[in-house]
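First up is the structure itself, then whatever we jot down about it.
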């Protein structure tokens, strides 16, 4: 495309730069739309399946690594001890479990005569769950702030090892959610934030929700921006390939390379401002693409067939 002979030949057939550019633009738009549609479900589902595969491998490691008369502390916020372990780690005798929360104020201690590790799975794409069925024991709850102790006796108790508030491996990240899930979760978090603003309880809970909302909005607008980038970089690529030989004496291709570097420089700079609460995520993520489009059309107008 950048050779003079090819340009002369295309001019002889009556092709203008706009006619040549139009197929590239159509392909860029189609790729952008395809990428957005893929981001709706296919990519999040593939990430979820990958996560589930890793969790399956982790669950097998759990069953093998629980040993007799050894403390097992690989589970977040929990420690397991058993006098005797048999059947490849699935049957435990004289089990002791110590559980602590994130703040460290509340603790639970569980004693049981027997424990059985079982794996369950819900649905085709759900994460596998590992539960420890405990028999004939007691649960002691200790509150270190007011020094209260509560004791509960049980004949059968189901302790979640990979479910609920105790999980091993990956958590469900925003990139693993479909676009519709992100939109729904964003609305729910906004409603919770509005309720906390009206009520008296704000503190760390409100800050955590705002941080969560910010991450969701960044993920959502980045998916939209990925489609816009397809069009932006197609235009830049066209100008770069067309003007490389035609304008190399004028140093025309250098600013095109710098524009790509500048794009990501502006992008990450605005993204850092977003995380500080300075500007909305939509403005920070879409602004570099908007500026790049303005630059692209300016460069397109400078392309000269005759020179």
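Numbering (this note's numbering), first residue to last: 237 to 543. Ideal placement from N, C-alpha and C gives every residue a C-beta, glycine not left out.
- In this chain, residue 418 is not harboured by any beta strand (DSSP E); it is covered by the alpha helix (DSSP H) spanning 415–434.
- Taking 9 Å as the cut-off, the beta carbon of residue 268 is found no closer than this to the beta carbon of residue 510.
- The segment 373–383 makes no contact with the segment 417–430, as fewer than three CB pairs between them are under 8 Å.
- Setting aside the 5 residues that flank it on each side, residue 334 is surrounded in the same chain by 315 and 345, each with a C-beta closer than 6 Å to its C-beta; the list follows chain order.
- Taking 9 Å as the cut-off, the beta carbon of residue 280 is found closer than this to the beta carbon of residue 413.
- Taking C-beta atoms under 8 Å as the contact rule, residue 503 and residue 524 qualify, at a distance of about 4 Å.
- When the alpha-carbon of residue 411 is set against those of 374, 453 and 446, the nearest one is in 453.
- Annotated three-state conformation of residue 444 is helix, per DSSP.
- Cβ atoms of residue 425 and residue 442 stay farther apart than 8 Å, at about 11 Å.
- Contact annotation, residue 495 with residue 520: C-beta distance approximately 18 Å; criterion of less than 8 Å not satisfied.
- In the structure shown, residue 252 adopts coil according to DSSP, grouped into three states.
- Taking 9 Å as the cut-off, the beta carbon of residue 371 is found no closer than this to the beta carbon of residue 387.
- Residue environment: residue 258 is assigned as exposed (fewer than 16 neighbouring CB atoms within 10 Å of its CB, all protein chains considered).
- Under a 10 Å Cβ-count criterion, residue 395 is classified as buried, with 16 or more other Cβ atoms of the shown protein chains found around its own Cβ.
- If the five residues before and after residue 343 are omitted, its C-beta is found closer than 6 Å to the C-beta atoms of 336 and 378, all from its own chain and listed in chain order.
- Within the segment 296–336, the complete beta strand (DSSP E) runs of at least 3 residues fall at 314–322 and 327–336.
- Counted as a single uninterrupted DSSP element, the stretch harbouring residue 397 is not any beta strand (DSSP E), since DSSP gives it neither H nor E.
- Residue 526 and residue 273 have their C-alpha atoms some 22 Å from each other.
- Counting every other CB atom within 10 Å of its CB across the protein chains shown gives residue 354 a total below 16, marking it as exposed.
- In terms of Cα proximity to residue 270, the closest of 374, 415 and 463 is 463.
- Linking residue 430 to residue 415 through their CA atoms gives a straight-line distance of about 23 Å.
- Residue 266 is classed as exposed because its beta carbon has fewer than 16 other beta carbons within 10 Å across all chains shown.
- Annotated three-state conformation of residue 538 is helix, per DSSP.
- Comparing C-alpha distances from residue 497 to each of 508, 469 and 514 shows the shortest one belongs to 469.
- Here the alpha carbons of residue 507 and residue 285 stand approximately 29 Å from one another.
- In the DSSP assignment, residue 343 forms a beta bridge with 336 and 378.
- Straight-line spacing of the CA atoms in residue 456 and residue 249 works out to 45 Å.
- In the three-state scheme derived from DSSP, where H, G and I count as helix and E and B as strand, residue 513 is classed as coil.
- Straight-line spacing of the CA atoms in residue 461 and residue 313 works out to 39 Å.
- By the neighbour-count definition (other C-beta atoms within 10 Å, threshold 16), residue 434 is an exposed residue.
- Taking all protein chains shown into account, residue 471 has 16 or more neighbouring C-beta atoms within 10 Å of its C-beta and is therefore buried.
- Taking a C-beta distance under 9 Å as the contact criterion, residue 317 and residue 348 do not qualify as a contact pair.
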